Amino acid sequence: MADRSKAQHGTSGPASAPAPSAAEALLQRWLARNESIDAVWAGMVPGPSADAVASRIGAVPKTFLDDRVRVVALAGDVLESDRGRGQESTDVVTVLDEVAATGSSAARRGAAIALWLWAGDEELGPLAPPLAREHAARALAAMAFRLASVVDPAEWVSDAERRDEAARTFLFWSGQLPAGEDRETASSLLTMRDSLQRNGALAAAAEEHAHRLEVTRKLQEARAREAAARYTHE
Amino acid sequence: MSDVAQASQGPDDPLAIAEYTPGGQTALDDSERWPSLTPPGARRLEALRTHPFAPPWVHATGDRLSADAARRVRTPLPLDGWLDRHLDVARRLPAYRRRAGELVALEDFPLIGRDDLVDDVSAFVPLDADLEQAVHGSSSGSTGRALLIPDDIEDTARTFHLLVTLAAEQGVEWTPDPERMALAHVVHQRQAFTYASVISSFEQATMARLNLIDAQWPDRLTRARFLEAQNPQAISGSPTSLAELLDPSLVAVLHPLVIFSGAMGLSGALRADLVASYGCPVIDVYGLHETRPIASSADGGPFVILDRRVHVEIVDDRGRPVSQGERGEIVVTAGENPLLPLVRYRTRDFGMLVEVDGRLAIAELEGREATTFLANDGSRVACVDLTQQLQAAGAHGWSVKQDATGGVEAVIARGDAGRVSAALEALLGRPVTVERRERVADLGEGKPRRYVSLA
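If you're matching them up, the sequences are chains R and F in order. Using our numbering, you'd call the opening residue of the first sequence number 7 and step up by one each time. Using our numbering, you'd call the opening residue of the second sequence number 87 and step up by one each time.
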């Protein structure tokens with residue numbers, strides 16, 4: 007199963023449809039990554055509890071949320087120990103450059119909170135088990151583009167349910183199963199919290215992206231490629 | 087693979103295109119191709135496949151109809167209120183649903199075109215479409231990038247019964263005859279998918295897609311003997327392939343009840359020659375792969391709009407509908423393929439709406455080119471052969487012109503100019519000048535003539 011994105015429109019007709027909102031533009035950046043939920047589940051490893059992560063979100067320092075602080079510089083400090091880890095570091099920088107390019111405060115603060123979760127290991131001591139960093143770019147993109155498109159990061163801090171959603175989103179896209187939960191529980195709690203599915207316009211965009219992938223996949227299947235006998239030359 | 091023999095292309099053929107490798111696109115077994123195949127149907131199919139004079143089959147494909155589906159496709163889809171229901175479906179398409187409230191009547195829908203489908207065909211596929219019914223429909227088009235669309239199994243099969251109906255309107259009683267092939271769908275091009283099949287909804291009579299080009303056969307006598315043995319009741323093809331039916335070796339042995347022309351404009355001269363040679367109706371069917379059949383002409387006059395889920399408008403160069411009798415671009419709303427319900431699709435073909443015996447028809451239809459190029463050895467090469475090579479080389483659009491002395495100049499938008507040059511020179515046996523441009527728009531406004539040959 008793919009996570010989902012907005013369908014592109016053609017030129018002569020649907021191009022005159024309303025321009026996507028800022029929120030939809032952010033979501034589209036996430037969906038363009040074509041992240042696979044199945045692939046995340048396949049590589050899932052044990053993580054800390056959702057409560058522990060949520061609690062850390064609630065403790066985010068004000069400096070991280072300051073729009074004047076550049077996230078790329080912040081990441082340099084936070085993920086310094088990851089330097090030399092090759093592709094993942096490069097991917098992190100790519101995502102953060104993209105965050106900066108959006109000019110979106112929500113995306114910036116979303117990324118900053120994700121960076122804080124890792125930085126908290128230094129400041130507050132590691133969680134048990136520690137937060138994974140193998141999929142840092144994916145987790146950053148999920149927070150900055152997916153979740154921040156539909157819930158302002160200020161609510162991640164101020165509202166308990168949204169904090170839980172942010173914690174679960176971060177853990178999931180980091181590839182970590184919340185401690186004390188099995189796959190079924192974690193999946194159902196994440197779905198229950200998922201603000202994207204409750205936002206009509208953004209959910210529609212996500213649905214259309216899934217549809218596009220499905221149509222493409224179906225048509226490329228060997229069974230479909232054999233086609234069917236035709237009777238005229240059109 | 088037992089049912090797909092080796093074609094004549096050699097491994098070093100500079101013009102070979104990978105997808106035409108024999109058997110390269112097959113994935114099913116016969117029980118999946120014809121789920122309701124009976125022992126007599128299977129015997130007829132096997133006899134066709136293994137006929138001693140049969141050509142090499144490049145492909146294998148069936149109609150995939152269950153017994154229930156085979157029953158359904160014999161009957162046309164009901165027409166009562168179809169357009170209203172069609173627009174309801176369209177308003178829920180990803181392409182339109184954000185502004186469905188503005189799309190009250192047909193004329194509120196924007197015009198769409200081939201590029202819209204090329205860019206994202208899924209935006210025009212209903213979110214609740216049954217994709218299990220979808221097969222890969224590829225439209226090479228003669229004017230640009232290839233288009234991949236979802237064909238619906240039942241819609242595709244229903245087209246055969248449309249042909250039966252069109253024949254009946256001309257007084258032809260076309261019923262299944264186990265002794266005869268029901269339909270020979272002929273092409274005449276260097277590379278093509280060819281296959282043997284049975285029509286589940288027509289008492290499992292046989293049909294085949296055949297390439298009449300000489301290279302596919304040991305000699306013309308073998309070709310004639312094979313076709314004589316199949317004795318097809320109907321023959322369909324493009325003008326390029328139908329022109330091959332005028333070969334005396336075929337005229338002597340074929341006795342079609344009806345001939346169908348499609349894809350390109352059928353000239354009056356070719357129509358007259360076919361009628362004179364075979365003494366049967368020749369029906370020109372106008373349609374696009376995207377829209378399916380739209381209109382037909384049995385007498386060379388205006389194309390009568392078919393009694394099916396199709397609505398035709400003519401628009402001016404600013405996209406505004408014009409009155410009956412005024413010329414403009416043909417725009418089609420098409421509701422036969424449930425996987426691709428199109429609204430106001432620009433065909434890039436031109437004509438005018440008129441009335442013929444109380445039915446709407448398209449007069450002065452233009453835009454379907456039937457161009458052939460003169461090769462250095464004196465043979466004529468169909469433009470579809472050029473299209474395949476131009477698309478394989480990644481060209482998004484093109485214009486190929488041959489002057490009266492045989493010289494060929496091609497202008498392509500994007501793509502690999504070196505590969506185009508090499509392929510066209512190999513096809514035509516003469517030098518070809520290729521100029522590459524960045525954008526399709528650089529080829530000119532509107533629908534330029536992509537192929538012209540004065541030789």
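Every residue, glycine too, gets a C-beta built ideally from N, C-alpha and C. Since the model is a prediction, treat every value here as computed from it, not as a measurement.
Is it buried or exposed for residue i, if we count other Cβ within 10 angstroms and need 16 for buried?
i: residue 346(F); result: buried
i: residue 164(F); result: exposed
i: residue 409(F); result: exposed
i: residue 441(F); result: exposed
i: residue 323(F); result: buried
i: residue 92(F); result: Only weak support is given to the placement of residue 92(F): the predicted model assigns it a pLDDT of 38, under 50, and the question is left unresolved by the model.
i: residue 226(R); result: exposed
i: residue 457(F); result: buried
i: residue 251(F); result: exposed
i: residue 304(F); result: exposed
i: residue 127(F); result: buried
i: residue 149(F); result: buried
i: residue 341(F); result: exposed
i: residue 237(R); result: buried
i: residue 190(F); result: exposed
i: residue 33(R); result: buried
i: residue 536(F); result: buried
I'd like to know whether the C-beta atoms of residue i and residue j end up nearer to each other than 8 Å.
i: residue 36(R); j: residue 152(R); result: yes
i: residue 54(R); j: residue 159(R); result: no
i: residue 448(F); j: residue 367(F); result: no
i: residue 121(R); j: residue 80(R); result: yes
i: residue 293(F); j: residue 269(F); result: yes
i: residue 235(R); j: residue 281(F); result: yes
i: residue 178(F); j: residue 212(F); result: yes
i: residue 232(R); j: residue 114(F); result: yes
i: residue 317(F); j: residue 267(F); result: yes
i: residue 393(F); j: residue 382(F); result: no
i: residue 430(F); j: residue 239(F); result: no
i: residue 487(F); j: residue 538(F); result: yes
i: residue 245(F); j: residue 125(F); result: no
i: residue 39(R); j: residue 206(F); result: no
i: residue 520(F); j: residue 496(F); result: yes
i: residue 84(R); j: residue 102(R); result: no
i: residue 287(F); j: residue 160(F); result: yes
Give the DSSP bridge partners of residue i, in chain order.
i: residue 297(F); result: 273(F)
i: residue 521(F); result: 497(F)
i: residue 70(R); result: According to DSSP, which records beta bridges pairwise, residue 70(R) is partnered with nothing at all.
i: residue 193(R); result: According to DSSP, which records beta bridges pairwise, residue 193(R) is partnered with nothing at all.
i: residue 346(F); result: 322(F), 369(F)
i: residue 223(F); result: 235(F)
i: residue 487(F); result: 495(F), 538(F)
i: residue 438(F); result: 413(F), 449(F)
Could you tell me the alpha carbon to alpha carbon distance between residue i and residue j, rounded to whole angstroms?
i: residue 102(F); j: residue 222(R); result: 26 Å
i: residue 109(R); j: residue 480(F); result: 37 Å
i: residue 363(F); j: residue 321(F); result: 14 Å
i: residue 436(F); j: residue 142(R); result: 56 Å
i: residue 201(R); j: residue 192(R); result: 16 Å
i: residue 220(F); j: residue 239(R); result: 19 Å
i: residue 308(F); j: residue 139(F); result: 6 Å
i: residue 297(F); j: residue 181(R); result: 54 Å
i: residue 115(R); j: residue 130(R); result: 20 Å
i: residue 285(F); j: residue 147(F); result: 11 Å
i: residue 105(R); j: residue 462(F); result: 59 Å
i: residue 260(F); j: residue 374(F); result: 25 Å
i: residue 90(F); j: residue 278(F); result: Caution applies to residue 90(F), whose pLDDT of 44 falls short of 50 and renders its modelled position unreliable; the model cannot decide the point.
i: residue 541(F); j: residue 464(F); result: 10 Å
i: residue 485(F); j: residue 500(F); result: 12 Å
i: residue 260(R); j: residue 137(R); result: This structure gives no information on residue 260(R), because the portion of chain R shown stretches from 7 to 240.
i: residue 522(F); j: residue 475(F); result: 15 Å
i: residue 306(F); j: residue 335(F); result: 7 Å
i: residue 355(F); j: residue 155(F); result: 40 Å
i: residue 434(F); j: residue 243(F); result: 26 Å
Hey, residue i and residue j are a contact pair by Cβ (cut 8 Å); roughly how many whole angstroms apart?
i: residue 29(R); j: residue 156(R); result: 7 Å
i: residue 150(R); j: residue 113(R); result: 4 Å
i: residue 245(R); j: residue 165(R); result: Nothing about residue 245(R) can be read from this structure; chain R reaches only from 7 to 240.
i: residue 529(F); j: residue 492(F); result: Not really, about 23 Å apart at Cβ, beyond 8 Å.
i: residue 118(R); j: residue 71(R); result: 6 Å
i: residue 332(F); j: residue 376(F); result: Not a contact, Cβ separation roughly 31 Å.
i: residue 428(F); j: residue 195(F); result: With 8 Å as the limit, residue 428(F) and residue 195(F) do not qualify as a contact, their Cβ atoms being about 10 Å apart.
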